[in-house]
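Before any comments, here is the structure.
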Ligand code: SF4
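Numbering (the numbering used here), first residue to last: -5 to 367.
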């Protein structure tokens, strides 16, 4: 496939989650909704079902207001709205990790408001020592049992091992893409990059890996581009809507790295393959996750972002602060201070999924671009 054809296919998937769901359902597959961020998708895949990301949508919540306070983050407001309004009809279940206070109440809201789609909760421990990881392993065992009841057969160790390999392959290609994209910032503009990353949530990982391999080959075959604009990093939960990223492109800014929960944060490390209990290895991934949602003694996420800025030669960083997301709010001052020490300016932008004007954001991004020189 030609480069542009692959990019169009991935962009279509990222922009049309409902249609992607219908494609899977029309092929007779069972699909399981996976709320962000660290849902054990590998278990869904090992069960022979398709994991499907539930990351909210650009929508004004009406029904969800009956269940959630107005200060609940937009991702969970709009995700619950989709469930209540029937936009997720067809899912065989949803898996919801209780990673923050808003997540904790949404599990119960879902049970009450969306009874036709079974909900599987999973509790992540903030204690990430051996005891915590063993606890998480037992949580995964419970999730596995519930998924087995839905798919109608046992998930064997061999199934899970195969799935871990599929996910590790996917992690490897996504990391390779992130690196090679920086040599082609003319083609991989901020919106295109986001579509490539987001599309992974709406197709099977094996299918996405296949497309990503074709994309990487096509990029390797193209001559590298010498980008003359400003190079920025993105951090936060998600950098949406597309209009926000288009403003970056309009102001000659390119994204050269990210630790967005929706994008690169999930590809930090592979899961060890083939040695010992696969459920324990799967749980072990949580131990090293650098994220505002995981207790991170010493805030290693800050050092990781400093390294990322230096390696990518970033001129600045944009912190996409999801509205009302307090775990992320705690990390921003530390990140901004550390990046300032290496002369990388930061801009904190509030991200909202509700439709609205982007003109204020445009002004702030234009000013930031001018400040970067
Ligand atoms: S971590 Fe933040 S964005 Fe994610 S569900 Fe909680 S409040 Fe919302």
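By construction, the Cβ of each residue, glycine as well, lies at the ideal position given by its N, Cα and C atoms.
Quick caveat: nothing in here was measured; it's all calculated off a predicted structure.
Contact test: residue i Cβ vs ligand 1 heavy atom, cutoff 8 Å
i           : result
residue 72  : no
residue 208 : no
residue 342 : no
residue 63  : no
residue 101 : no
residue 321 : yes
residue 55  : no
residue 95  : yes
residue 266 : no
residue 30  : yes
residue 287 : yes
residue 318 : yes
residue 69  : yes
residue 231 : yes
residue 255 : yes
Identified DSSP bridge partners for residue i
i           : result
residue 89  : 28, 114
residue 45  : 26
residue 315 : 344
residue 247 : 224
residue 310 : 226
residue 95  : According to DSSP, residue 95 bridges with nothing at all.
residue 252 : 228
Environment of residue i [buried if 16+ CB atoms lie within 10 Å]
i           : result
residue 164 : buried
residue 161 : buried
residue 289 : exposed
residue 31  : buried
residue 259 : buried
residue 60  : exposed
residue 178 : buried
residue 121 : exposed
residue 370 : No statement about residue 370 is possible, as the shown extent of the chain runs from -5 to 367 and does not include it.
residue 0   : buried
residue 291 : exposed
residue 96  : buried
residue 74  : buried
residue 48  : buried
residue 214 : exposed
residue 350 : exposed
residue 328 : exposed
Residue i beta carbon near ligand 2 (any heavy atom closer than 8 Å)
i           : result
residue 348 : In terms of ligand content, the structure shown lacks ligand 2 and carries ligand 1 instead.
* Entirely within the segment 134 to 213 and at least 4 residues each: give me those alpha helix (DSSP H) ranges in chain order. => 151 to 175, 184 to 193
* Asked: Which full runs of the alpha helix (DSSP H) of 4+ residues lie inside the segment 263 to 295, going along the chain?
  -> Listed in chain order, they are 272 to 278.
* Three or more beta-carbon pairs under 8 Å between the segment 268 to 275 and the segment 197 to 210, yes or no? -> With a cut-off of 8 Å, the segment 197 to 210 and the segment 268 to 275 do not count as touching, because too few Cβ pairs lie within range.
* Asked: Are the segment 303 to 320 and the segment 224 to 234 in contact at 8 Å, needing three or more beta carbon pairs?
  -> Contact between the segment 303 to 320 and the segment 224 to 234 is present, because at least three Cβ pairs lie under 8 Å.
* Asked: Counting pairs of beta carbons, one from the segment 218 to 226 and one from the segment 294 to 302, are three or more of them closer than 8 Å?
  -> no
* **Segment contact, 8 Å Cβ cut-off, at least three pairs: the segment 52 to 69 with the segment -5 to 11** => no
* Asked: Using 8 Å as the threshold, is the segment 21 to 41 in touch with the segment 277 to 293, meaning 3 or more CB pairs across them?
  -> yes
* Asked: Is it a yes or a no for the segment 147 to 162 touching the segment 179 to 197, going by three-plus beta-carbon pairs under 8 Å?
  -> no
* Contact between the segment 42 to 50 and the segment 333 to 344 (3+ Cβ pairs under 8 Å) -> no
* **Validate contact between the segment 135 to 155 and the segment 247 to 254 using beta carbons, cut 8 Å, 3 pairs** => Using a Cβ-Cβ distance cut-off of 8 Å, the segment 135 to 155 and the segment 247 to 254 are not in contact, since fewer than three pairs of beta carbons, one from each stretch, lie closer than that value.
* Is it a yes or a no for the segment 241 to 248 touching the segment 101 to 121, going by three-plus beta-carbon pairs under 8 Å? -> no
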